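Below: one structure, written as structure tokens.
Numbering (my numbering), first residue to last: -16 to 642.
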């Protein structure tokens, strides 16, 4: 893009933002008076990831949490819903390199930076599916392409070191993806289809039966694209089955299984084109047994997942991870809540060829395990003050024992304002790949460690129409593992070393302003986390303008020691959702500046992107959806040598039949 065009585009961005802000600032006072409470913002003392077994057990730690509910996901213009979570979360950044598909291997996208903390293996932020960790057994990274995206109830993003809650791989934070359960006494069939630029297609189908004492749910989705560049096509198929049953009034059980098959073509960088084709097959099965009897809540989760991975360069591997978690929540006296439990994980795999010539680890199973116990406690002092503390001790088969504490407090300054403080620690054990595979491997690596300190303020103003969440944080990490060039003449020429430490500080700001009337039947814009969060697209308020929600999320990151890649210094996201008669409009703007690439660090060009989604109901259970990504055709990169797509347009429909 020429300097003149870039300058023009920058002006267009400012004009666009000015129009949005002016629009909200000049609404008639009679309309402003109709503003209602923004119930999507959670009070600080509730801001933590929910336990999959104990609905409020994770309310024991005053942490920073962003919740992206189903109503927001349904009108997202994003082809990958993790990118919608990134837009809504000020401290989160996730890389991309094409229209869809993260792929696998060292050049895969989907790399996650949380508050400027990221590992070379992309395993410093834990991704969970309904509380169950998703992890490649050999290389430790999550598998974004294996996430079933057509059946998500909400996404929870926990910012800051979270190893007290989740053990290793939560060095920087956690992302928990919660699937939807069928509503009792309903039967539902749903289908959606979208087609668009570069041969891109999304299709999904699901059916469910919900009864008072059981439910059954199954679905299938297909996502594919020819790609923005030559040899960058991607195909993914997901299948899932879930069922649950009440064994008694106090005991429930559920079982789920998910299978995904993806093929990713990676054309290489523009400087060094080299086609790599990756086939990945993932299977995950989960069984849960929960109890809720006279103040005793908790249960058992058992899971197993495996993957079969094939690369066109000859690398083949099989990996697995299994585990279980047992936890119970109880109270000893008034204002007291205790959660105690234990967790075990087994993981590993085998791969070939490991070396050239073949090493002794070629096609040999490598297995590791860890066992941990944890306890958290909250003590309330009336309705204005709560103290929180937790401790987890983890024993790893190779790295021994690690203890991670967490402590904090929340104080209600007044009815609409509260402040909080939190101290937490995190760690990440080296992955099997970092220890044993390929020339950079180093079996003497030590675990990475991090300390997170934060203070936050949450306030609701203008009769609860405006909510503000402000967080100041400081993160320090040591022994970070990166692949470092060895001295001249060394063999191998690069090596994995505990070579880096970071000292990051920053500010996170999230604001939400609810505007407009809301009809008795409609929940188009304003939703509650305790509701089903479905859009009622069939109703509209009186007049042309019905309702709107303006959200602004901003992060300023200061990397005081070692700049890490994919961690922007400034990240600003603006989202406007509005209802104009029956039409739902979702306009999203994001600007990124001050971001580096891999080692050696090189600054990437700043960029700004505008996305748009339009949703319109044509009939009782039939709606149209049109989306546009990168509407101004910005030229930019998130990973060096991988130009992002230009304008991508999609159009399609969805049908929802229920009774």
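Each residue gets a CB set at the ideal place from its N, CA and C atoms; glycine is no exception. These figures come from a predicted structure and were not determined experimentally.
(message) Along the chain, where does the alpha helix (DSSP H) containing residue 419 start, and where does it finish?
(response) Looking up residue 419 in the chain shown gives position 436. Per DSSP, residue 419 belongs to the alpha helix (DSSP H) from 415 to 419.
(request) Check residue 635 in the structure and name its three-state DSSP category. (result) Walking along the chain shown from the start, residue 635 turns up at place 652. Of the three classes helix, strand and coil, the one that applies to residue 635 here is strand, per DSSP.
(message) Taking only three categories from DSSP, how would you classify residue 182?
(response) By 1-based counting over the chain shown, the position of residue 182 is 199. Residue 182: helix per DSSP, three-state reduction.
(message) Please return the same chain residues whose Cβ sits closer than 6 Å to the Cβ of residue 177, not counting the five positions on each side in sequence.
(response) Position 194 of the chain shown, counted from the first residue, corresponds to residue 177. So the list reads 185, 633 and 635, once near-sequence residues are dropped.
(request) Let me know if residue 637 comes out buried or exposed under the rule of 16 or more other beta-carbons within 10 Å of its beta-carbon. (result) In the chain shown, residue 637 corresponds to position 654, counting from 1. With 16 or more Cβ atoms within 10 Å of its Cβ, residue 637 is classed as buried.
(message) So if DSSP puts residue 655 in a beta bridge, which residue, or which two residues, is it bridged to?
(response) Residue 655 is absent from the model: the chain starts at -16 and stops at 642.
(message) Using the three-state DSSP reduction, which class does residue 388 fall into: helix, strand or coil?
(response) In the chain shown, residue 388 corresponds to position 405, counting from 1. Correct three-state label for residue 388: strand.
(request) Out of 465, 416 and 243, state which residue places its alpha-carbon closest to the alpha-carbon of residue 431. (result) To locate residue 431, count along the chain shown from 1; it is residue 448. Residue 431 has its Cα closest to that of 465, out of 465, 416 and 243.
(request) Could you check how far apart the C-beta atoms of residue 143 and residue 456 are, in whole angstroms? I think they sit under 8 Å. (result) Counted from its first residue, the chain shown places residue 143 at position 160. Counted from its first residue, the chain shown places residue 456 at position 473. Right, the Cβ-Cβ distance comes to about 7 Å (below 8 Å), so this counts as a contact.
(request) Please list the segments of the alpha helix (DSSP H) lying wholly inside the segment 87 to 124, counting only runs of 4 or more residues, in order along the chain. (result) none
(message) With three or more C-beta pairs closer than 8 Å as the rule, is the segment 227 to 239 touching the segment 249 to 261?
(response) no
(request) Excluding the 5 residues preceding and the 5 following residue 326 in the sequence, name in chain order all residues of the same chain whose CB lies nearer than 6 Å to its CB. (result) As a first step, residue 326 must be located in the chain shown, where it is residue number 343. Around residue 326: 308 and 355.
(request) With a threshold of 16 other CB atoms inside 10 Å of the CB of residue 168, please say whether the residue is buried or exposed. (result) As a working note, residue 168 is residue 185 in the chain shown. Classification for residue 168: exposed.
(request) Using the Cα positions of residue 188 and residue 479, report the straight-line distance between them to the nearest angstrom. (result) Position 205 of the chain shown holds residue 188. Position 496 of the chain shown holds residue 479. Distance between the alpha carbons of residue 188 and residue 479: 44 Å.
(request) Within 10 angstroms of the Cβ of residue 359, are there 16 or more other Cβ atoms? Answer buried if so, exposed if not. (result) Looking up residue 359 in the chain shown gives position 376. Counting Cβ neighbours within 10 Å, residue 359 comes out buried, since at least 16 surround it.
(request) Kindly identify the DSSP beta-bridge partner or partners of residue 268. (result) To locate residue 268, count along the chain shown from 1; it is residue 285. Per DSSP, 240 and 287.
(request) Output the distance between the C-alpha atoms of residue 182 and residue 277, rounded to the nearest integer angstrom. (result) Taking the first residue of the chain shown as position 1, residue 182 is located at position 199. Taking the first residue of the chain shown as position 1, residue 277 is located at position 294. Each residue's alpha carbon lies about 56 Å from the other.
(message) What does the Cβ neighbour count give for residue 419, buried or exposed, with the cut at 16 atoms within 10 Å?
(response) Position 436 of the chain shown, counting from 1, holds the residue named residue 419. Residue 419 is buried by the Cβ-count criterion.
(request) Measure the beta-carbon distance from residue 439 to residue 452 and round it to whole angstroms, keeping in mind my assumption that it falls under 8 Å. (result) In the chain shown, counting from the first residue as 1, residue 439 sits at position 456. In the chain shown, counting from the first residue as 1, residue 452 sits at position 469. Right, their Cβ atoms sit about 7 Å apart.
(message) If we require 3 or more residues per run, which beta strand (DSSP E) segments fall completely within the segment 168 to 214?
(response) 169 to 179, 183 to 193 and 197 to 208
(request) Give the straight-line distance between the Cα atoms of residue 580 and residue 542, rounded to the nearest whole angstrom. (result) Along the chain shown, read from residue 1 onward, the residue named residue 580 stands at position 597. Along the chain shown, read from residue 1 onward, the residue named residue 542 stands at position 559. Rounded to whole angstroms, residue 580 to residue 542 spans 14 Å at the Cα level.
(request) Quick one: measure Cβ to Cβ for residue 387 and residue 408, integer angstroms, because I've assumed they're closer than 8 Å. (result) Here the question's residue 387 lines up with position 404 in the chain shown. Here the question's residue 408 lines up with position 425 in the chain shown. Confirmed, Cβ separation roughly 5 Å.
(message) Looking at residue 328: is its Cβ nearer than 7 Å to the Cβ of residue 353?
(response) Here residue 328 corresponds to residue number 345 of the chain shown, with the count starting at 1. Here residue 353 corresponds to residue number 370 of the chain shown, with the count starting at 1. Their beta carbons are under 7 Å apart, which means residue 328 touches residue 353 by this criterion.
(request) To the nearest angstrom, report how far apart residue 608 and residue 377 are at their CA atoms. (result) Your numbering for residue 608 matches position 625 in the chain shown. Your numbering for residue 377 matches position 394 in the chain shown. When rounded, the distance between both Cα atoms is 47 Å.
(message) Please report the straight-line C-alpha distance between residue -14 and residue 371, rounded to a whole angstrom.
(response) The residue labelled residue -14 in the question sits at position 3 within the chain shown. The residue labelled residue 371 in the question sits at position 388 within the chain shown. Confidence is the limiting factor: at residue -14 the pLDDT is only 48, short of 50, which leaves the residue's position unreliable, though a coordinate-based value still follows. Answer to the nearest angstrom: the Cα atoms are 53 Å apart.
(request) Work out the CA separation of residue 349 and residue 461 for me, nearest whole Å. (result) Residue mapping note: residue 461 aligns to position 478 of the chain shown, counting from 1. Residue mapping note: residue 349 aligns to position 366 of the chain shown, counting from 1. Straight-line Cα distance between these residues: approximately 27 Å.
(request) Please say whether residue 45 and residue 711 have beta carbons closer to each other than 7 Å? (result) Nothing in the structure corresponds to residue 711, since the chain is present only between -16 and 642.
(request) Pull up the distance between the alpha-carbon of residue 69 and that of residue 76, whole angstroms please. (result) Here residue 69 refers to the residue found at position 86 when the chain shown is read from its first residue. Here residue 76 refers to the residue found at position 93 when the chain shown is read from its first residue. The alpha-carbon atoms of residue 69 and residue 76 are separated by roughly 6 Å.
(request) Provide the residue span of the beta strand (DSSP E) that contains residue 350, from first to last. (result) Counting from 1 along the chain shown, the entry for residue 350 is found at position 367. Here the beta strand (DSSP E) through residue 350 covers 349 to 364.
(message) Measuring alpha carbon to alpha carbon, tell me which residue in 67, 57, 71 and 65 is nearest residue 495.
(response) Here the question's residue 495 lines up with position 512 in the chain shown. Answer by Cα proximity: 71.
(request) Following the continuous beta strand (DSSP E) through residue 578, name the residue where it begins and the one where it ends. (result) Your numbering for residue 578 matches position 595 in the chain shown. From DSSP, residue 578 is part of no beta strand (DSSP E); its letter is neither H nor E.
(message) By DSSP's criteria, residue 223 is part of a beta bridge. Which residues make up the other side?
(response) Locating residue 223 in the chain shown gives position 240, counting from the first residue. In the DSSP output, where bridge partners are listed per residue, residue 223 has 202 and 241.
(request) Determine the DSSP secondary structure at residue 56, reduced to helix, strand or coil. (result) If you number the chain shown from 1, residue 56 lands on position 73. The answer is helix: DSSP assigns residue 56 an H, G or I state.
(request) Look at the alpha carbon of residue 4 and the alpha carbon of residue 568, and state the distance between them as a whole number of angstroms. (result) The sequence position of residue 4 within the chain shown is 21, counting from 1. The sequence position of residue 568 within the chain shown is 585, counting from 1. Reliability of the predicted coordinates at residue 4 is poor, the pLDDT of 45 falling under 50, and the value obtained from them is presented with this limitation in mind. Whole-angstrom Cα-Cα distance: 16 Å.
(request) Sort 491, 441 and 596 by Cα distance to residue 553 and report the nearest one. (result) Counting from one through the chain shown, the residue named residue 553 turns up at place 570. With distances taken between Cα atoms, residue 553 lies closest to 491.
(request) Tell me whether residue 630 is buried or exposed, calling it buried when 16 or more other Cβ atoms sit within 10 Å of its Cβ. (result) Along the chain shown, one-based indexing puts residue 630 at 647. Exposed is the call here.
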